[in-house]
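Numbering (the working numbering), first residue to last: 48 to 422. The structure under discussion appears below in the form of structure tokens.
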């Protein structure tokens, strides 16, 4: 005999939206105003009040980032004290994690040794271990110094990246003056997806690249495309221009991944990082959930469950007959594999398929001198 009861449970299936971490960047650099503080900024911020009325590398690069990112740009700035220690920026990035989550970090104090590069690689590993946060880094590289010619500069800075494998790190020489901020802003533009390369020409020309005067070395020789090409060959991320085509553009968003690696360009790393952030939240929700088990029906259901991130990232739009692809290709059968290792351990493997991207285009023209069509 049972006593009549009615139980009503509100089940949270975790189907809501997650916060967008992508396009939120932390800018770190030396300054006098608000030293030691992490500041939230957007397009409405009073940068004179936040970063001082005068000009500085930090302020000018943050403004360049804003101009290249466009509407709805926002981020954070951490001001380092001028008398701080060499690696104070590392502690600043760690401390800033309590203020917000960031997709990337831009160090605007010029580097001249390998130490900051190795620190950035270590910092990504630390952030993953402590907070499960995937973050990339843009490091500003010192321009030519007094009496240093372009060949000598190229030799010196090329040694910085030698034998370093750091897929999350980008080295950006500050030759015009605002390159690190320009690249960060271009990566934050909402006119394109995170899967688009900063080299994309239709995004528009670079804005506020730096000084109106042409960059010269310590001998007074002007910067040439050959030098920029040589820097890119050494895995530096640099701007460029096209002959008889107005404007300055970005060459490619190169990282310090090893040759042959999957993440040699920043757009590949960004889509993998985004998928990792969202799949992690899905996986946490399934801890001790017995609906995820080794039965065929459960495996099929959870293959669809974990493929949701890829389906969302693959949404495309069609405007006037032109298809604008999503961040990745739609998932195929078999792109999500679930393997039970024991009664309590399960492994999920997910294949991410990026779209092809034309960065080298060859056009061949042919004449047809036949008499077809004549009387």
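Even glycine gets a Cβ: it sits at the ideal position worked out from N, Cα and C.
Candidates the options: closest to residue i by CA position
i           : options               : result
residue 230 : 266, 288 and 187      : 187
residue 400 : 386, 384, 375 and 394 : 375
residue 145 : 107, 333, 87 and 82   : 87
residue 363 : 402, 123 and 388      : 402
residue 336 : 368, 354 and 390      : 390
residue 65  : 407, 195 and 148      : 148
residue 133 : 205, 176, 55 and 163  : 163
residue 408 : 52, 165 and 248       : 248
residue 285 : 293, 271, 292 and 342 : 271
residue 342 : 297, 393 and 360      : 393
residue 350 : 360, 125, 49 and 379  : 379
residue 109 : 67, 138, 154 and 81   : 154
residue 373 : 241, 227 and 50       : 241
residue 352 : 368, 329, 63 and 340  : 329
residue 21  : 268, 191 and 340      : This structure gives no information on residue 21, because the portion of the chain shown stretches from 48 to 422.
residue 210 : 228, 165, 169 and 239 : 165
residue 355 : 322, 369 and 344      : 322
Nonlocal neighbours in the same chain, by C-beta distance under 6 Å from residue i, ignoring five residues either side
i           : result
residue 224 : 257 and 258
residue 159 : 189
residue 396 : 384
residue 398 : 382
residue 282 : 208, 301 and 303
residue 289 : none
residue 121 : 89
residue 116 : 232, 235 and 236
Residue i - partner residues in DSSP beta bridges
i           : result
residue 122 : 72 and 88
residue 213 : 303
residue 289 : 292
residue 127 : 77
residue 356 : None, per the DSSP bridge assignment.
residue 263 : 269
residue 364 : 371
residue 257 : 224
Whole-angstrom C-beta distance between residue j and residue i, which should lie under 8 Å
i           : j           : result
residue 104 : residue 76  : 6 Å
residue 185 : residue 219 : 6 Å
residue 213 : residue 167 : 7 Å
residue 207 : residue 266 : Not really, about 21 Å apart at Cβ, beyond 8 Å.
residue 358 : residue 181 : The Cβ separation is near 21 Å, so there is no contact.
residue 307 : residue 111 : Actually they are not in contact, since the Cβ atoms of residue 307 and residue 111 sit about 33 Å apart, beyond 8 Å.
residue 73  : residue 143 : 6 Å
residue 255 : residue 114 : 5 Å
residue 348 : residue 61  : Not really, about 15 Å apart at Cβ, beyond 8 Å.
residue 234 : residue 227 : With a Cβ gap of about 11 Å, residue 234 and residue 227 do not count as contacting.
Neighbourhood of residue i by C-beta, 7 Å cutoff - its chain only, sequence neighbours within 5 removed
i           : result
residue 327 : 179
residue 79  : 99 and 129
residue 119 : 237
residue 274 : 197 and 201
residue 309 : 315
residue 304 : 212, 214, 310 and 311
Proximal residues to residue i (C-beta, below 8 Å), its chain only, five neighbours per side dropped
i           : result
residue 156 : 75, 76, 77, 104, 127, 136 and 187
residue 365 : 371
residue 183 : 150, 151, 152, 171, 215, 216, 217, 302, 313, 316, 317 and 320
residue 106 : 78, 94, 98 and 99
residue 123 : 71, 72, 73, 74, 85, 86, 87, 88, 143, 146, 147 and 149
residue 193 : 265
residue 268 : 196 and 197
residue 261 : 269 and 270
residue 299 : 244, 245, 246, 279, 284, 312 and 406
Terminal residues of the alpha helix (DSSP H) in which residue i lies
i           : result
residue 234 : 226-234
residue 200 : 197-208
residue 241 : From DSSP, residue 241 is part of no alpha helix (DSSP H); its letter is neither H nor E.
residue 346 : 343-353
residue 114 : 104-116
residue 138 : 135-143
residue 164 : 162-178
residue 94  : 94-98
Proximity test, Cβ basis, 8 Å: residue i and chain D
i           : result
residue 388 : The structure shown contains no chain D, having only a single protein chain.
Extent of the continuous beta strand (DSSP E) to which residue i belongs
i           : result
residue 371 : 369-371
residue 283 : Neither: residue 283 is in no beta strand (DSSP E) and is coded neither H nor E.
residue 220 : 216-220
residue 154 : 151-158
residue 312 : Counting along the chain, residue 312 falls outside any beta strand (DSSP E), and DSSP gives it neither H nor E.
residue 385 : 383-387
residue 297 : 292-297
residue 185 : 183-188
residue 394 : 393-397
heavy atom of the ligand MG below 7 Å from residue i C-beta
i          : result
residue 95 : Ligands in the displayed structure: none, and consequently the ligand MG is not present.
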